[in-house]
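To start, the structure itself, in structure tokens.
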Amino acid sequence: MPIQQSIPAEIWEQIKTSTDPLTAGPALLVVGVVAALVIWHPTWRVLRNVITIAHEGAHAFIALLVGRKLQAITLHSDTSGLTVSRGKPRGFGMILTAFAGYTGPAVVGLVGAFLVGRGFTLAWVWAFVLVLILMLFKIRNLFGAWTLVATGAVIGATAWFAPDEFRVYLAYALALLFLLGAPKAVVELGHTRRRTRSGTTDADILGKLSWFPAGLWYFIFVLFTFGTLIVGFWLLVPTLFTDIAALF
7 MPIQQSIPAE IWEQIKTSTD PLTAGPALLV VGVVAALVIW HPTWRVLRNV ITIAHEGAHA
67 FIALLVGRKL QAITLHSDTS GLTVSRGKPR GFGMILTAFA GYTGPAVVGL VGAFLVGRGF
127 TLAWVWAFVL VLILMLFKIR NLFGAWTLVA TGAVIGATAW FAPDEFRVYL AYALALLFLL
187 GAPKAVVELG HTRRRTRSGT TDADILGKLS WFPAGLWYFI FVLFTFGTLI VGFWLLVPTL
247 FTDIAALF
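To convert, count from 1 in the sequence shown and add 6; that's the numbering used here.
Here is the structure:
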């Protein structure tokens, strides 16, 4: 069956239709709103679940990519999560799998920024909804399933029913959530490591799996997520950088 016939006509039309990127003013407005939602604790407490979805999804994707057997994904009400895969307990594949968690949301945001900046706004939004659907097959707890369904329902309903202009804002906001949320989650990781010293964080696990200490892995997380934020911001608002460069 051709793909056009397997997807509702309106969604397929949204996916294949290119949109003009936002100008610097409206794009910066979206940046400000998303940044405020990420900074303010009550809203971040909710949005942090979306970052956890990307975190655990990245663990799962890389585990499959390196040949490990994915067993289960769980998402918890405290915004933590766990991805269980079976394979060699050490080695490069396991290091990549552990490394993917905190860098995963940043990569997702960068992909979103790339697509949105080139006009594929709704292709990006519906691709994320599809990922949520695929993750449902490996979710092993009720809260995790509810989180995926609720997130997909909100994003999908907005993309389906909202006016065309608002859909573009949605695509920008979703990409920015990952770009801004990734470094925020890494900063929280640093606080957790200093407060609990549990030795069970991804950075600590990487320290045990490699020759590099956990602190260095944490520093790499910081550099990666903040660097991705800068690149992603440039992809979303390229005219702003051009205007700033023109001043000099």
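All C-beta atoms in this analysis are idealised placements derived from N, C-alpha and C, irrespective of residue type, glycine included.
Problem set entry | Top-ranked residue by Cα proximity to Trp18, from Val40, Phe67 and Val131 | As a position in the sequence shown, residue 18 is number 12, starting the count at 1. Nearest C-alpha to Trp18: Val131.
Problem set entry | Completely contained alpha helix (DSSP H) runs for the region 127–177, where each covers 4 or more residues | 127–141 and 148–167
For this session: Taking only the alpha-carbon atoms, compute the straight-line gap between Phe227 and Ala188 and give it to the nearest angstrom.
Result: Stepping through the sequence shown from its first residue, residue 227 is reached at position 221. Stepping through the sequence shown from its first residue, residue 188 is reached at position 182. Approximately 9 Å, taken between the alpha carbons.
Exercise. Exposed or buried, what is Ser91 when buried is set at 16 or more other beta-carbons lying within 10 Å of its beta-carbon?
Worked result: As a first step, residue 91 must be located in the sequence shown, where it is residue number 85. Buried.
For this session: Can you tell me which of the three DSSP states Arg5 falls into?
Result: Residue 5 lies beyond the residue range present for the chain, which begins at 7 and ends at 254; the question has no answer from this structure.
Exercise. Straight-line CA distance for Thr25 to Ala177?
Worked result: Along the sequence shown, read from residue 1 onward, the residue named residue 25 stands at position 19. Along the sequence shown, read from residue 1 onward, the residue named residue 177 stands at position 171. So the alpha carbons of these two residues sit roughly 11 Å apart.
For this session: Quick one: grab the DSSP three-state call for Leu242.
Result: Start at 1 with the first residue of the sequence shown, and residue 242 comes out as number 236. In the structure shown, Leu242 sits in a helix (DSSP, three-state: H, G or I).
Exercise. Where does Phe126 land, buried or exposed, given buried means 16+ other C-beta within 10 angstroms?
Worked result: In the sequence shown, counting from the first residue as 1, residue 126 sits at position 120. Buried, since its Cβ has 16 or more Cβ neighbours within 10 Å.
For this session: Can you give me the start and stop residues for the beta strand (DSSP E) that Thr207 sits inside?
Result: Here residue 207 refers to the residue found at position 201 of the sequence shown. Element bounds for Thr207: n/a, residue is neither H nor E.
Exercise. In the structure shown, what three-state DSSP assignment does Thr85 receive?
Worked result: In the sequence shown, counting from the first residue as 1, residue 85 sits at position 79. Thr85 falls in the coil class under three-state DSSP.
Exercise. Where in the region 35–116 do unbroken runs of the alpha helix (DSSP H), each at least 4 residues long, occur, reported from the N-terminal end onward?
Worked result: 47–71
For this session: Leaving out five residues on either side along the sequence, give the residues of the same chain with a beta carbon under 7 Å from the beta carbon of Leu121.
Result: Numbered from 1 along the sequence shown, position 115 holds the residue referred to as residue 121. Around Leu121: Ala129 and Trp130.
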